[in-house]
Ligand code: FAD
Ligand code: SIN
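Residue numbers (my numbering): 107 to 623.
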């Protein structure tokens, strides 16, 4: 195929999928039923937030549960910011997607009679969390989906391949430019699907893997796609408090089985602060843990579970014991950590972004199901439900009338790895201090000045760090504009939720000023 430089390899396919978490893997497999697919992933197929998911997938599947109850809980957690139509899709199509996974060989934990074993997590009125191998749900789903993708024969998988830029031609997306283990690769596609996951790496403390640098957000933003709700970041209350990065997670399901939060004096502090105590909405618990941390260390006491801990949570048990903590007899030190981005690329119910031929699904998308605060275990579900919808819509995409004009380009080479690392750490520090669990106008302005300063000193070729900074800016600017507190966004200078901000979103498009609608 023609290429302006013999150093650029060019591929042509019907569908390009970027990212190999639950959303990308499901889209790639389902889309391969109607056309050939190229699937790019930054590191290995198994390197994603999905692979770390512990708690499970929420679905109204148990006796006594219903999509109506799941809808009610999701809307309540979302704090008057969810799109009802998207929530309806999530809760009504969710159970079928979970049953599909079971049919595809995901080894879910079952009761003796064969029904799904269901766990409980915060702000769910019912036990509705389907899980696998206790707390290995994500890894088991990835295993099954990767097997399916590989068996399809119509998905070309490119690992160690990082999308650098979307290719647009007369405002439609026609593929992407990527670095394939350092070599320049251009992929032309009739439709492109961003399934690049979240951006927890913009924060000093996060549960998100190293690949979660907000690439999809930055790429879509530069391509002119609309983004929304970027200020809504979810902080998980109970990451394992160690000096590592990312931090290991202690699933909410552990609290669902009765573990309690205690302070350095051994006092249970959530009981007096919310009627649901440890199972209050995640933003409430995260803020209370943060508040308590200003006085001393915080622990999750799961000793009441006794020997059952190791059986129900084998992965978390191993994580703790590897760090010298026996959760059967010792409280686990915990800290809040950035966990999930509620905002992202605006999509409709078919996963279409506002740029023609560009789709998004999974954590990078803003479908409207999570509002200001995601209900626990709704994200694997969202990934599956909307990936399926994307795949169905892709069937109707017309082939590109013409291939995009090509230009010479090269993969940017990182000049100074050490300086890039320092810059990334500075971003994480200022975001944690000023755009984290507790925010204020003064802090956010300091953060934005810091981000400008860091951006100005970024070394040549630091493309991933540039994405980190662009994403961080959107979060901080959105947080500055939203002069109220709601869900994952808390301002000390505007501590109340205001009715004037209900269902009002901060929307970004290209370099222009944001609008609220
Ligand atoms: P991911 O699974 O994050 O995958 C993104 C993919 O995109 C990765 O393969 C990455 O390498 C790739 N990528 C990124 N940028 C590029 C690029 N430029 N080029 C190429 N590839 C790229 N949710 C639940 O519902 N239940 C849970 O129990 C649960 N537990 C969690 C536990 C942890 C520790 C974490 C971090 C999250 C958890 N979540 C849970 C949230 C949930 O796992 C994620 O929201 C979800 O898995 C996101 O799926 P995804 O497919 O959108 O993205
Ligand atoms: C957890 O297991 O606590 C995480 C669940 C989620 O983030 O949905």
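Here a beta-carbon is modelled for each residue, glycine too, at the ideal position from N, C-alpha and C.
Of the residues the options, the one placed nearest residue i, counting alpha carbons only
i: residue 523; options: 214, 564, 244, 175; result: 564
i: residue 253; options: 379, 507, 151, 310; result: 151
i: residue 324; options: 241, 536, 471; result: 471
i: residue 592; options: 134, 543, 331, 177; result: 543
i: residue 322; options: 576, 609, 339; result: 576
i: residue 198; options: 148, 189, 442, 167; result: 167
i: residue 154; options: 521, 127, 113; result: 127
i: residue 613; options: 356, 351, 460; result: 460
i: residue 603; options: 171, 115, 185; result: 185
i: residue 129; options: 540, 608, 488; result: 488
i: residue 557; options: 334, 539, 541, 533; result: 533
i: residue 560; options: 480, 494, 527; result: 527
Between the CA atoms of residue j and residue i - distance to the nearest angstrom
i: residue 371; j: residue 519; result: 52 Å
i: residue 581; j: residue 573; result: 12 Å
i: residue 143; j: residue 260; result: 6 Å
i: residue 160; j: residue 276; result: 43 Å
i: residue 124; j: residue 268; result: 8 Å
i: residue 50; j: residue 156; result: With the chain running from 107 to 623 in the structure shown, residue 50 is simply not present.
i: residue 296; j: residue 615; result: 23 Å
i: residue 405; j: residue 466; result: 38 Å
i: residue 454; j: residue 464; result: 12 Å
i: residue 456; j: residue 309; result: 31 Å
i: residue 189; j: residue 225; result: 26 Å
i: residue 250; j: residue 209; result: 10 Å
i: residue 502; j: residue 508; result: 17 Å
i: residue 566; j: residue 287; result: 18 Å
i: residue 122; j: residue 492; result: 16 Å
i: residue 373; j: residue 148; result: 44 Å
i: residue 375; j: residue 549; result: 28 Å
i: residue 242; j: residue 382; result: 26 Å
i: residue 263; j: residue 146; result: 6 Å
i: residue 347; j: residue 273; result: 42 Å
i: residue 315; j: residue 353; result: 9 Å
i: residue 610; j: residue 621; result: 10 Å
Those residues which DSSP pairs with residue i across a bridge
i: residue 407; result: 366
i: residue 285; result: 268, 290
i: residue 152; result: Answer by DSSP bridge pairing: none, since residue 152 is not bridged.
i: residue 601; result: Beta-bridge pairing links residue 601 to no other residue.
i: residue 610; result: Looking at the DSSP assignment, residue 610 forms no beta bridge with any residue, so it has no partner.
i: residue 464; result: 298
i: residue 341; result: 444
Rounded Cβ spacing between residue i and residue j (contact assumed at less than 8 Å)
i: residue 482; j: residue 228; result: 5 Å
i: residue 289; j: residue 270; result: Not a contact, Cβ separation roughly 12 Å.
i: residue 332; j: residue 452; result: 4 Å
i: residue 213; j: residue 246; result: 6 Å
i: residue 599; j: residue 514; result: Incorrect: roughly 50 Å between the Cβ atoms, too far for contact.
i: residue 311; j: residue 447; result: Residue 311 to residue 447, Cβ: 15 Å. No contact.
i: residue 497; j: residue 136; result: 3 Å
i: residue 385; j: residue 401; result: Going by Cβ atoms, the distance from residue 385 to residue 401 rounds to 23 Å, so no, they are not a contact pair.
Closer than 7 Å: residue i CB and nearest the ligand FAD heavy atom
i: residue 314; result: yes
i: residue 124; result: yes
i: residue 268; result: yes
i: residue 459; result: no
i: residue 149; result: yes
i: residue 468; result: yes
i: residue 453; result: no
i: residue 163; result: yes
i: residue 240; result: no
Any non-hydrogen atom of the ligand FMN within 7 Å of residue i CB
i: residue 342; result: Ligands present in the displayed structure are limited to the ligand FAD and the ligand SIN, and the ligand FMN is not among them.
Contact test: residue i Cβ vs the ligand SIN heavy atom, cutoff 7 Å
i: residue 358; result: yes
i: residue 446; result: yes
i: residue 425; result: no
i: residue 512; result: no
i: residue 145; result: no
i: residue 160; result: yes
i: residue 291; result: no
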